[in-house]
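What follows is one structure encoded as structure tokens, with my remarks underneath.
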Amino acid sequence: MRRLVVGLIAVCLVVPLLAVGCKQGTASKTPSVFTMANNVDPMGVWDPSDAFAEQLPILFNLYETLLKYDPATDKCTGVLATDWSVTPDGLTWTFHLRQGVKFHCGHELTSADVKYDIERIQRRGMGAAFIWSAVKSIDTPDAYTVVLHLTRPCPMDLTMASAYGAFIYCSQCAQAKGDPALADWFNQGNELGTGPYKLQSWKLGDEVIMTRFDDYWRGWQGNHFDKVVMKVVPETGTARQMLEAGEVDYVRLLPFEDIEALKKNPAFNVTATPGFQNVYIAINTLHKPLDNKLVRQAIAYTVPYQDIVNKVMFGYAAQATGPVPKGMWGHFDDLKQYTYDLNKAKDLLAQAGCPNGGFTLVMTIASGDENHRKVAELWKSELAKVGINLDIRTMPFDAQWELAKSPDVSQRQDLYIYYYWPDVCSPETYFEGCFVTQKDPIIYNVSYYSNPEVDRLISAAWEKAGTDRKAAAQIYKQVQEKIIEDCPVIFLYDMEDVRVMSASIKGFVDNPAYPYVIFAYDLSREGK
Amino acid sequence: MWTFIVRRLVNGILVIIGVSILTFMLTVIIPSDPAARWAGPRANAEQLAKAREELGLDQPVLVRYVRYVSGVLRGDLGTSIRTRQPVMRDLKTYIPATAELVIVGMIIALLVGVPLGIWSALRKDSWIDHLCRATAVFGVSLPTFWLAMNLQVLFFRWLGWLPLGGRLSGFIEAAGTAPNITGFLLLDSLLTLNGTVFFDALKHLLLPAVTLAAYPIGLVAKQLRSSLLEVLNEDYVRVARAYGLPQRLVTYGYALRNALGPTITVFALCLGYSLVNTFLIEAVFNWPGLGNYTALAVTTGDYPAIMGITLFIAVVYVLLNLIVDVLIALDPRVRV
Chain A
1 MRRLVVGLIA VCLVVPLLAV GCKQGTASKT PSVFTMANNV DPMGVWDPSD AFAEQLPILF
61 NLYETLLKYD PATDKCTGVL ATDWSVTPDG LTWTFHLRQG VKFHCGHELT SADVKYDIER
121 IQRRGMGAAF IWSAVKSIDT PDAYTVVLHL TRPCPMDLTM ASAYGAFIYC SQCAQAKGDP
181 ALADWFNQGN ELGTGPYKLQ SWKLGDEVIM TRFDDYWRGW QGNHFDKVVM KVVPETGTAR
241 QMLEAGEVDY VRLLPFEDIE ALKKNPAFNV TATPGFQNVY IAINTLHKPL DNKLVRQAIA
301 YTVPYQDIVN KVMFGYAAQA TGPVPKGMWG HFDDLKQYTY DLNKAKDLLA QAGCPNGGFT
361 LVMTIASGDE NHRKVAELWK SELAKVGINL DIRTMPFDAQ WELAKSPDVS QRQDLYIYYY
421 WPDVCSPETY FEGCFVTQKD PIIYNVSYYS NPEVDRLISA AWEKAGTDRK AAAQIYKQVQ
481 EKIIEDCPVI FLYDMEDVRV MSASIKGFVD NPAYPYVIFA YDLSREGK
Chain B
1 MWTFIVRRLV NGILVIIGVS ILTFMLTVII PSDPAARWAG PRANAEQLAK AREELGLDQP
61 VLVRYVRYVS GVLRGDLGTS IRTRQPVMRD LKTYIPATAE LVIVGMIIAL LVGVPLGIWS
121 ALRKDSWIDH LCRATAVFGV SLPTFWLAMN LQVLFFRWLG WLPLGGRLSG FIEAAGTAPN
181 ITGFLLLDSL LTLNGTVFFD ALKHLLLPAV TLAAYPIGLV AKQLRSSLLE VLNEDYVRVA
241 RAYGLPQRLV TYGYALRNAL GPTITVFALC LGYSLVNTFL IEAVFNWPGL GNYTALAVTT
301 GDYPAIMGIT LFIAVVYVLL NLIVDVLIAL DPRVRV
């Protein structure tokens, strides 16, 4: 028996050693690899028509859109389209496609692909399908021209550059599979893009490996990476150690304490760019006494904005001025801003008939969100000074979302803190999502705010945005003034996009229109 | 003997049915609408109704349960709301990584825990006994995450001998040369004679496996020590010694065999427990197993996945208990 055990152990040790000898002789040139660490597994939904969450950092390296938006210049640049135009009435948009672009499957990009992809997402109605709601019909007069006819004017250039729901994929392969088989095929970890990288492998909850697409239309003349790896690393302590050990080049999310420490290390670049993600506290305008505008304004004056920015966000944020974040068209610095002023709060409460407060507000926060918990704790002590008790309830994200949409209005929370960021890079995404009157379904208007004048102006601004963006911005300004006055939402802060990357990586420019997306094709490693 | 096994098997099946009912009911009463998650935040009433129909949520609870059970019997655990994949496929992806970790951890636990228990018992109250007992107490009482992080600091940061986490080094993953036959990397690399992958996988496995083994080492050592001491004080052992039988034969041939029963029970329970304990270890070591999948399933209200995982763990527990019962029942005294 003992001999048998010893023999087995020997085999276990010797065979791999022999194999090492056999395999190592076949080593070839090591590919250059860019490795990212993501705290959540972004992949699950691979269908580019349905993806509407964390998938962007992967999908934007596999797929491309017709246009790309640069908020710094407020201009769209052509990606799969070379030029585009709109009729004066804003109802017909024509896009000319780049010629000679190949999909990873080998087929060439034509207008039929664009038509099929938009019609499919409209048909499925999943994810960001709503961004195409104005499209009435699509013509393809030739292989490289797409004409979109709209039911109402809207900025279709921004829609074509949307972070969600605007990816172009091969219609020939897609049609060959047909729905619903196509969606299943995508979701098993397959793609049909034109992007610089194609999918090499995917292990659910573990990693995604992409390898360069040799026929990519922009070519491979520079020092581009051969492969891009995204590893799922949920534990931030582990992610930081991996970054410091050089096992990953970039970590998507780290606690601010870690970021501050890494900032002092010259081996890493920490960049902070004003982003388009902001944090709102929705006030339930259906509950008493919050149905009174004066009470809403009063509690907006009790928020310690600067303490939150400095102590909770470590300075990586700025107090918001209205719902549209700084850097996006439609943002105005000169809008009225609520500040921390307890005297004003007390005056307003007295005017509203509750001079000493004397009521309790229920605020829900998503479990695991430390920043929001800290915000709530800081605010609670300030509200107590005006006699208002804040009852903080931590619950899973989905549960608080369900609560906010509960058919029984009395069950809904009084205050709901949440993040918001754009799909189509336009103020519309904030207004249409959070401030337009909504009953069925409630989308993101969880303050249940309803103002017909605001609804009308929002609609007018969007129709103007396709042909006269300046005029649209002015209408959005009026909308914001009304919303700030009505105070259905406390605009807490606009977040900065903080990225920590190895200092050896060059070429990274953050684009807040595409949250958390690293366009790996633009990067290179110094000295390679 | 067969009657005993059948009785235990029936008990096990009843437990699994009970677990399935409880889990199913939990998913019915939790305040979350899976259809809303499936259809997306902007779904209108019509789209929500369609999603409910697709997920079978438009049916009465009893019908849904019967459908679920009949699906389970066909190997269909439903479709994950988060990953949109069949839960069975997801589990097949994650289970090998977790199973490999648990198996190696348990082997380490046996290789260390059993000798510790025996030495401790044979040299009662000596310094070796104190050392073994202290080791066992440490193994049981150290928080898993604390041990995991300290091992990382020692072996990765200070000594640089072992990797921080993951199952394989980045260069192997990027090259795509890792074999995938069974999902067990050590086994697959042996089958394909890929030594690079084997040693790399082994290096990645060591720290999480040792962390996982710490608790069972302590329990096994403590249990074996006390059982062995009890047996060594039995009359028949004294008689055997009086007859002049060799000490080695008395200890290992007679006493140890009789002391192993309770230890096997404890070990089996440890094995089941480790399947859950590994979740925390997986998070610290970034091990792509069931832990992360479970955590995400719970936080996102992915009820088909939660049910699938719970059912899997229940089946493992029941099977382990059955095996232990059968092993112990080989001793005729127990069956009586």
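Chains as they are written, first to last, in the numbering used here: chain A, 1 to 528; chain B, 1 to 336.
For every residue, glycine included, the Cβ atom is placed at its ideal position computed from N, Cα and C.
For residue i, three-class secondary structure by DSSP
{"i": "C105 of chain A", "result": "coil"}
{"i": "C22 of chain A", "result": "The predicted model places C22 of chain A with a pLDDT of 44, which falls under 50 and marks its position as unreliable; any figure quoted below should be read in that light. Of the three classes helix, strand and coil, the one that applies to C22 of chain A here is helix, per DSSP."}
{"i": "A320 of chain A", "result": "coil"}
{"i": "A471 of chain A", "result": "helix"}
{"i": "Y116 of chain A", "result": "helix"}
{"i": "P141 of chain A", "result": "strand"}
{"i": "S459 of chain A", "result": "helix"}
{"i": "V15 of chain B", "result": "helix"}
{"i": "Q200 of chain A", "result": "strand"}
{"i": "S502 of chain A", "result": "strand"}
{"i": "D258 of chain A", "result": "helix"}
{"i": "W84 of chain A", "result": "strand"}
{"i": "L260 of chain B", "result": "helix"}
{"i": "E64 of chain A", "result": "strand"}
{"i": "H96 of chain A", "result": "strand"}
{"i": "N38 of chain A", "result": "strand"}
{"i": "N389 of chain A", "result": "strand"}
{"i": "Y493 of chain A", "result": "strand"}
{"i": "T278 of chain B", "result": "helix"}
{"i": "I168 of chain A", "result": "strand"}
{"i": "F186 of chain A", "result": "helix"}
{"i": "A366 of chain A", "result": "strand"}
{"i": "H149 of chain A", "result": "strand"}
7 angstroms CB neighbourhood of residue i in its chain, flanking five on each side removed
{"i": "C170 of chain A", "result": "F103, C105, H107, D113, L192"}
{"i": "T437 of chain A", "result": "S450, D455"}
{"i": "L290 of chain A", "result": "I283, N284, R296, D414"}
Buried or exposed by the 16-neighbour rule on C-beta atoms within 10 Å, applied to residue i
{"i": "N310 of chain A", "result": "exposed"}
{"i": "H130 of chain B", "result": "exposed"}
{"i": "F167 of chain A", "result": "buried"}
{"i": "K264 of chain A", "result": "exposed"}
{"i": "I131 of chain A", "result": "buried"}
{"i": "N511 of chain A", "result": "buried"}
{"i": "V409 of chain A", "result": "exposed"}
{"i": "A242 of chain B", "result": "exposed"}
{"i": "K222 of chain B", "result": "buried"}
{"i": "Q47 of chain B", "result": "buried"}
Contacts of residue i in chain C (Cβ-Cβ under 7 angstroms)
{"i": "A245 of chain A", "result": "Of the chains in the structure shown, none is chain C; the protein chains are A and B."}
Close Cβ partners of residue i (< 8 angstroms) along its chain, the five nearest in sequence each way excluded
{"i": "E382 of chain A", "result": "T302, V303, P304, Y340, L342"}
{"i": "K203 of chain A", "result": "none"}
{"i": "Q478 of chain A", "result": "L457"}
{"i": "V276 of chain B", "result": "I313"}
{"i": "P515 of chain A", "result": "L56, A163, G275, F276, Q277, W421, D497"}
{"i": "R240 of chain A", "result": "V251, L254, D258, L262"}
Residues near residue i by beta carbon distance below 6 angstroms, same chain, minus five either side
{"i": "A134 of chain A", "result": "L150, T151, R152, C154"}
{"i": "C22 of chain A", "result": "Only weak support exists for where C22 of chain A lies, its pLDDT of 44 falling under 50; the value from the coordinates is given anyway. Closer than 6 angstroms at Cβ, skipping near neighbours: no residue."}
{"i": "Y444 of chain A", "result": "G433, C434"}
{"i": "T94 of chain A", "result": "S85, V147"}
{"i": "F52 of chain A", "result": "G127, A128, Y164"}
{"i": "A305 of chain B", "result": "S80, V87, A297"}
Discussion item. Ignoring anything shorter than 4 residues, give me the alpha helix (DSSP H) runs that lie fully in the stretch 265-342 of chain A, in order along the chain.
Written reply: Complete alpha helix (DSSP H) runs here, min 4: 293-300.
Fill in: Contiguous alpha helix (DSSP H) assignments of at least 4 residues, all confined to the stretch 84-152 of chain B
Every alpha helix (DSSP H) stretch that sits fully inside the stretch 84-152 of chain B and reaches 4 residues is listed by chain position as 87-122, 127-141, 144-152.
Worksheet item: Going along the stretch 78-96 of chain B in order, which residues come within less than 8 angstroms of chain A, judged by CB to CB distance?
Response: From the stretch 78-96 of chain B, only S80, R82, T83, R84, Q85, D90, T93, Y94 have a Cβ closer than 8 angstroms to chain A.
Item to complete: Could you run through the stretch 114-142 of chain A and flag, in chain order, every residue whose CB is less than 7 angstroms away from some CB of chain B?
Response: Those would be G125, M126, G127, F130, in chain order.
Discussion item. Tell me which residues of the stretch 428-456 of chain A have at least one Cβ-Cβ distance to chain B shorter than 8 angstroms, keeping chain order.
Written reply: Interface annotation for the stretch 428-456 of chain A against chain B: D440, P441, I443, Y444, criterion Cβ-Cβ distance under 8 angstroms.
Discussion item. Any C-beta of chain A within less than 7 angstroms: which residues of the stretch 172-185 of chain B qualify?
Written reply: The stretch 172-185 of chain B vs chain A, Cβ under 7 angstroms: E173, A174, G176.
Discussion item. Threshold first: 4 residues or longer. Then list the alpha helix (DSSP H) segments lying entirely within the stretch 402-470 of chain A, N to C.
Written reply: Counting only runs of 4 or more, we get 428-434, 452-465.
Fill in: Residues within the stretch 194-219 of chain B neighbouring chain A, beta-carbon criterion of under 8 angstroms
Only those residues of the stretch 194-219 of chain B whose C-beta falls short of 8 angstroms from the nearest C-beta of chain A are listed: N194, G195, T196, F198, F199.
Discussion item. Output needed in chain order: residues of the stretch 53-76 of chain B with a Cβ under 8 angstroms from some Cβ in chain A.
Written reply: Within the stretch 53-76 of chain B, no residue has a Cβ that lies closer than 8 angstroms to any Cβ of chain A.
Worksheet item: Can you list, in chain order, the residues of the stretch 191-214 of chain A whose Cβ is nearer than 7 angstroms to any Cβ on chain B?
Response: Per Cβ criterion, the list reads Q200, S201, K203, L204, G205, D206, E207, I209.
Worksheet entry | Start-end ranges of the alpha helix (DSSP H) lying completely within the stretch 161-232 of chain B, minimum 4 residues | Fully enclosed alpha helix (DSSP H) runs of 4 or longer: 170-175, 185-191, 195-232.
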